[in-house]
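Q: If you're matching positions, the sequence shown starts at 1 in full-length UniProt numbering and goes up one per residue. Yeah, the Cβ is synthetic: ideal placement off N, Cα and C, and Gly gets one too.
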Amino acid sequence: MARLAKKSGDFVLARICGTIAADEKRHENAYVKIVEKLLEVDPTETMIAISNMMRRKIT
Numbered sequence: 001m002a003r004l005a006k007k008s009g010d011f012v013l014a015r016i017c018g019t020i021a022a023d024e025k026r027h028e029n030a031y032v033k034i035v036e037k038l039l040e041v042d043p044t045e046t047m048i049a050i051s052n053m054m055r056r057k058i059t
């Protein structure tokens, strides 16, 4: 979105979208690390929890 906004000449929107994208990437990295650790500690319960979240469409 940031690239598209920038290409369209909306530099403020491009900056906002870039900031949001960077923040979301940090969240993704944190969640990946947390789930990796949970899988090390208790893989069965972690997979059950992930399965439950997917069934309930919690994203």
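Measuring CB to CB, does residue 14 end up less than 7 angstroms from residue 5?
A: The sequence position of residue 14 within the sequence shown is 14, counting from 1. The sequence position of residue 5 within the sequence shown is 5, counting from 1. Cβ atoms of residue 14 and residue 5: closer than 7 angstroms.
Q: Please classify residue 7: does DSSP put it in a helix, a strand, or coil?
A: To locate residue 7, count along the sequence shown from 1; it is residue 7. Looking at residue 7 - three-state DSSP - the assignment turns out to be helix.
Q: Quick check on DSSP: helix, strand or coil for residue 55?
A: For the purposes of this step, residue 55 is taken as the residue at position 55 of the sequence shown. DSSP places residue 55 in helix when its eight states are reduced to three.
Q: Helix, strand or coil: which one does DSSP assign to residue 23?
A: One-based indexing of the sequence shown puts residue 23 at position 23. Reduced to three states, the DSSP call for residue 23 is helix.
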